[in-house]
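What follows is one structure encoded as structure tokens, with my remarks underneath.
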Amino acid sequence: MELVAANLSLQEVQQKMHTIQVAHSHDTNAMHREEMNRLQDELLKTRSRLDERDNEIKILEKRYRDSVREKEEILEEKSAKINRLANELETAQNKLVSGETSKLKEKVFQLTSERNTAREQVKDLGKPQRGNLCSVVINWRVNANSTRTFTGDPTSPGKLATLKEIVHSYKQNIHKLSQLKEEVTKRDKRIEQYRKQESELQLKLEEQRDVEMKLNSRVFVLQNKLDLLGSSSDGELLDEYKQQNDS
């Protein structure tokens, strides 16, 4: 009887252990499924974060390439601008210094020489002709009066013709003198005009020098910017670009 009771008790214990094992197995499977689901969710989230990071890396790479391209474009633009300003400056200097100013000075010198020559011609034509005419007329009158006094004859037509020729020549010389004076006046006006242009060019030259100083200052500033761009590393440009975009 005791053996039967012991067997029954053992079977009951085995039954309970089996029930516990089955329940434990079910709980373990449930926990396992729950853990697997959790791990799978975490894996999906991790993949999503990795995709986001990958997109961020692609965006940063694109920004980096854009920054490098922008840097190269700035360098090319500034270099071209410096070359253009230097060429304009050189052209302006050559035009003002060695071109128009020297030609204008030569023209003024030439006109001044011509004016002085014309004035000398006026002097030569003016005073001697007046003296000669007065002298001739006086001599003619003395001779004519002497002839009438001693001979009683009127003045001969030949002597009158000679006097007319002298008077005609004198009038022609007076006309030439008037023309020369007009020419001198015109040349004086032209010289004054050229001197005025020379003064204006001198003012323009001073203005151009001021422009030259400003251009040199701009070239200096642009050169400094180019040096700064050249000394900045790509990482610094990228960091600066990110800071500007973040702000």
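Just so we're aligned: 145 in the working numbering is position 162 of the sequence shown, and the numbers increase by one with no gaps anywhere.
Glycine is no exception: its CB is placed at the ideal position from the N, C-alpha and C atoms.
Assign residue i to one of two classes, buried (16 or more other C-beta atoms within 10 Å of its C-beta) or exposed (fewer than that).
| i | result |
| --- | --- |
| L163 | buried |
| P111 | With a pLDDT of 46 at P111, under the threshold of 50, the modelled position of that residue is not reliable, and the figure given next carries that caveat. P111 should be labelled exposed. |
Roughly how many angstroms separate the alpha carbons of residue i and residue j, rounded to a whole number?
| i | j | result |
| --- | --- | --- |
| V202 | I57 | 15 Å |
| R32 | K41 | 14 Å |
| M196 | E35 | 54 Å |
| E59 | R52 | 11 Å |
| G109 | R170 | Bear in mind that the predicted position of G109 carries a pLDDT of just 49, short of 50, making it too unreliable to give a figure here. |
| E44 | V194 | 43 Å |
| Q155 | R173 | 27 Å |
| T29 | E17 | 18 Å |
| N38 | Y47 | 14 Å |
| Q176 | S182 | 10 Å |
| N207 | S200 | 11 Å |
| T74 | E190 | 15 Å |
| M19 | Q(-2) | 31 Å |
| L236 | R21 | No answer is possible for residue 236: it lies beyond the span of the chain, which begins at -16 and ends at 230. |
| E89 | H158 | 31 Å |
| S50 | E25 | 36 Å |
| K239 | V167 | Given a span of -16 to 230 for the chain in the structure shown, any question on residue 239 remains unanswerable. |
| L198 | S96 | 40 Å |
| E55 | R192 | 33 Å |
| T2 | Q23 | 31 Å |
| E165 | Q180 | 22 Å |
| Q93 | S161 | 22 Å |
| N70 | R178 | 30 Å |
Do residue i and residue j have their CB atoms nearer than 8 Å?
| i | j | result |
| --- | --- | --- |
| K64 | L184 | no |
With a threshold of 7 Å (Cβ to nearest heavy atom), would residue i be considered close to the ligand MG?
| i | result |
| --- | --- |
| V51 | Ligands displayed in this structure: none; no statement on the ligand MG is therefore possible. |
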